[in-house]
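As structure tokens, the structure follows; a few thoughts come after it.
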Amino acid sequence: MSTSHAPPGADRPLLHFTPPSGWLNDPNGLVRHRGLYHLYFQHNPDSTDWGNLHWGHAVSRDLVRWEHRPIAMAPDEHGLIFSGTTVADDRGTSGFGAGSLVAVFTHDDGGRQRQSLAHSDDGDTWSKFDGNPVLSPPAGIRNFRDPKVRRHDGDDGSWWTMVLAVETELWFFTSADLRSWTRSATFRPVLPHRDPILEVPDLFVLRDETGEDRWVAMVCAIPTREGGPEARVFWAVGDFDGVVFSPLDPTEPWRALDDGVALYAAMAWDRADGADAVAIAWLDERLDTTGIQRPWRGRMSVPRRLDLRRFGGRPRLVQQPVLPDGETERCTTRPGERAPTFAAGRCAAIAVELGVDQRRSVELRLHDPETALTTTIRVQGDVVAIERPSERAPATSRSALDPSSDERTLLVVVDHGSLEVFCDGGASQSFVGWEGTSPIEVEVTNIGATPVRTEVRRWTADRL
Ligand code: FRU
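Going letter by letter, the sequence shown gives residues 8 to 471 in the working numbering.
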């Protein structure tokens with residue numbers, strides 16, 4: 008395994024947000040305000056290890072180019088600043104002034120977790136509420152965190168709703184003023200784990216192909232038992248009445264958003280003012296085994312536009328990466344043919360159109376000539392399988408695709424050490440490892456019975 012040490016900053020991703028230096032984990036407080044996407048994030052400015060958590064801050068107009076802003080919130084006498092939401096309080100119900108942005112977040116004081124408020128006029132400068140904390144757990148509860156807050160405006164009235172991760176459950180609360188909260192419901196998602204600790208719930212609206220609005224809930228689960236499934240983000244489609252989320256099928260297990268190992272704590276900017284809902288997640292760089300030392304650790308996933316698409320009559324969450332235009336190269340391969348090798352560089356998206364025929368199959372090999380390591384991505388039938396070299400053994404991961412999907416597109420995004428693989432109607436697979444740390448070569452082989460079209464888009468720092 009290569010241990011090439013790039014000069015600090017030289018291998019910073021182009022399409023993935025990174026902190027200027029220090030540690031990054033969950034996205035927080037995602038809000039669109041006055042034409043800007045605000046991204047807050049779990050941040051340790053003093054070290055590349057988890058701890059000492061602040062809310063870092065950045066803004067973007069297009070979700071591609073980010074501008075770093077000063078740190079939004081630092082730890083205080085109530086503890087570290089853990090994950091949470093930002094809402095625009097247009098009517099001033101919280102008493103901080105009409106139009107204020109209000110952050111509702113978890114204060115963690117050595118494991119004692121309580122919810123607190125801060126407010127801001129512009130999203131840059133934040134004042135903590137002097138009545139913090141506003142919501143404490145009942146006796147005996149330790150894991151009590153990551154409030155997702157929304158405004159409910161219905162025929163039955165208007166109020167604030169909160170969904171909170173509480174041990175193995177989601178608890179719902181309501182409030183008139185964001186300061187005083189009443190517990191309204193308890194919910195347990197159907198997950199592949201037994202008794203996982205839940206974290207970072209999210210709840211948002213998407214429109215399906217028929218024009219109908221549906222609610223989507225997401226939650227992270229960390230296993231509490233050996234040998235079971237790994238930590239993952241899960242989602243379900245359903246309804247929300249301002250009190251509790253109800254999945255369309257209450258017995259159906261929630262589905263993984265991503266079948267790779269790096270992606271966690273996904274969260275979405277709401278659909279608003281004609282803009283689509285877009286999710287972003289933390290890619291955990293502690294899983295990078297290259298030994299490359301950087302002044303920062305942790306990056307965000309590529310932002311993903313969210314949609315609901317019907318497969319076999321059921322709405323499913325699909326994700327499409329938000330990518331800028333770039334220099335492109337195209338080719339078509341016939342059955343059995345291998346395309347001339349593409350030089351993809353360090354930052355590229357490889358889009359493969361597999362067509363509608365059931366006998367479609369393709370194999371992509373991402374090769375790093377410097378380390379001689381190769382990752383293989385194979386779409387065969389209804390399975391996307393990825394084989395990655397690691398220090399121990401090739402690691403294989405799989406996603407099942409929906410057999411009723413009529414059109415199939417594989418989209419692979421590499422960017423200075425991260426790999427994200429998208430296939431219509433299946434979970435993405437995201438990794439942080441060696442892929443694309445040095446300029447990579449891409450080989451596309453058509454192993455199916457129908458033609459395959461490939462387009463490679465490349466980006467460099469001076470041409471983004
Ligand atoms: C998820 C999480 C959250 C918590 C935050 C602390 O990765 O553990 O539950 O608020 O990170 O950094």
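The beta-carbon is built from N, C-alpha and C at its ideal position, and this holds for glycine as well.
Please read these numbers as outputs of a predicted model, since none were measured by experiment.
Report task. Flag Arg312 as yes when its Cβ comes closer than 7 Å to any non-hydrogen atom of the ligand FRU, and as no otherwise. Result -> Flag unset: Cβ of Arg312 not near the ligand FRU.
Query raised in the report: Cβ atoms of Arg316 and Val285: under 8 Å apart, would you say?
Result: Cβ distance not < 8 Å, so Val285 and Arg316 don't count as in contact.
Query - Close Cβ partners of Gly333 (< 7 Å) along its chain, the five nearest in sequence each way excluded - result: Setting aside the 5 residues that flank it on each side, Gly333 is surrounded in the same chain by Arg464, Arg465, Trp466, each with a C-beta closer than 7 Å to its C-beta; the list follows chain order.
Requested in this report: Please indicate yes or no: does the CB of Glu90 lie closer than 7 Å to some heavy atom of the ligand FRU?
Outcome: Checking the sequence shown, residue 90 turns out to be Ser, not Glu. Yes - the ligand FRU has a heavy atom lying nearer than 7 Å to the Cβ of Ser90.
Query - Local conformation of Glu292 per DSSP, three classes - result: Judged by DSSP in its simplified three-state form, Glu292 adopts helix.
Query raised in the report: Can you give the beta carbon distance from Gly99 to Ser90, rounded, assuming they're within the 8 Å contact cut?
Result: With a beta-carbon spacing of about 25 Å, Gly99 and Ser90 fall beyond the 8 Å limit used to define contacts.
Query raised in the report: Comparing the C-beta of Arg470 with each C-beta of chain C, is any distance below 8 Å?
Result: Going by chain labels, chain C is absent from the structure shown, which holds only one protein chain.
Query raised in the report: According to DSSP, what are the bridge partners of Glu216?
Result: Residue pairing from DSSP leaves Glu216 without any beta-bridge partner.
Report task. Could you say which of Thr296, Trp242, Ala263 lies nearest to Leu255 if we only look at CA atoms? Result -> Cα-wise, what sits closest to Leu255 is Trp242.
**Report entry** Distance cut-off 7 Å: Leu60 Cβ against heavy atoms of the ligand FRU
**Finding:** Leu60: yes, Cβ under 7 Å from the ligand FRU.
Query raised in the report: Nearest to Ala238 by alpha carbon, out of Ala183, Tyr271, Arg341?
Result: If you compare the alpha carbons of Ala183, Tyr271, Arg341 with that of Ala238, the shortest gap goes to Tyr271.
Query raised in the report: Is Arg157 helix, strand or coil when you go by DSSP?
Result: Strand.
Query raised in the report: For Asp469, does the three-state DSSP call read helix, strand or coil?
Result: Residue state, collapsed to three classes: helix.
Query raised in the report: If you measure from the CB of Glu206, is any heavy atom of the ligand FRU nearer than 7 Å?
Result: For Glu206, the Cβ falls inside the 7 Å cut-off from some heavy atom of the ligand FRU.
Query - Beta-carbon proximity check, Leu373 vs Val309, cutoff 8 Å - result: A distance of 8 Å or more separates the beta carbons of Leu373 and Val309.
Query raised in the report: Where does Thr55 fall in DSSP's three states?
Result: Reduced to three states, the DSSP call for Thr55 is coil.
Query raised in the report: Where Ile88 and Pro208 are concerned, what is the direct C-alpha to C-alpha distance, given to the nearest angstrom?
Result: In this structure, the straight-line span from the alpha carbon of Ile88 to that of Pro208 is close to 17 Å.
Report task. Decide yes or no for the touch test of the region 441–455 against the region 344–362: beta carbon pairs closer than 8 Å, at least 3 of them. Result -> Taking a contact to require three or more Cβ pairs closer than 8 Å, the region 441–455 and the region 344–362 qualify as touching.
Query raised in the report: To which residues of the same chain is Arg366 closer than 8 Å at the C-beta, ignoring the five residues directly before and after it?
Result: Cβ within range, chain order: Gly455, Ala456, Thr457.
Report task. Examine the ligand GDP and report whether any of its heavy atoms sits within less than 7 Å of the Cβ of Ala81. Result -> Ligands in the displayed structure: the ligand FRU; the ligand GDP is not one of them.
**Report entry** Option nearest Phe438 by Cα separation, candidates Leu471, Gly147, Thr382
**Finding:** Nearest in C-alpha terms to Phe438, of all of Leu471, Gly147, Thr382, is Thr382.
Requested in this report: Kindly give me the distance between the Cβ atoms of Thr92 and Lys155, rounded to whole angstroms, as I take these residues to be in contact under 8 Å.
Outcome: Right, their Cβ atoms sit about 5 Å apart.
Query - Near the ligand FRU: Ala272 beta-carbon under 7 Å from a heavy atom - result: Within the chosen limit of 7 Å, the ligand FRU reaches the beta carbon of Ala272 through at least one heavy atom.
Query raised in the report: Can you give the beta carbon distance from Val428 to Val391, rounded, assuming they're within the 8 Å contact cut?
Result: Confirmed, Cβ separation roughly 7 Å.
Query raised in the report: What are the uninterrupted segments assigned as alpha helix (DSSP H) that are 4 or more residues long and contained completely in the region 217–269, given in chain order?
Result: As far as the region 217–269 is concerned, it has no whole alpha helix (DSSP H) run of at least 4 residues.
Query raised in the report: Where does Arg477 sit, in a helix, a strand or coil, going by DSSP?
Result: Residue 477 lies beyond the residue range present for the chain, which begins at 8 and ends at 471; the question has no answer from this structure.
Query raised in the report: Trp441 bridges to which residues according to DSSP?
Result: Within the DSSP bridge table, the entry for Trp441 names no partner.
Query raised in the report: Whose C-alpha, out of Pro199, Leu171, His200, Gly433, is nearest the C-alpha of Ala3?
Result: Given that the chain is displayed from residue 8 to residue 471, the structure contains no residue 3 and the question cannot be resolved.
Query raised in the report: Does the beta carbon of Gln122 fall short of 7 Å from some heavy atom of the ligand FRU?
Result: At a cut-off of 7 Å, the beta-carbon of Gln122 does not count as near the ligand FRU: no heavy atom of the ligand is closer than that.
Requested in this report: For the beta strand (DSSP E) containing Pro322, list its first residue and its last residue.
Outcome: Per DSSP, Pro322 is one residue of the beta strand (DSSP E) stretching across 321–328.
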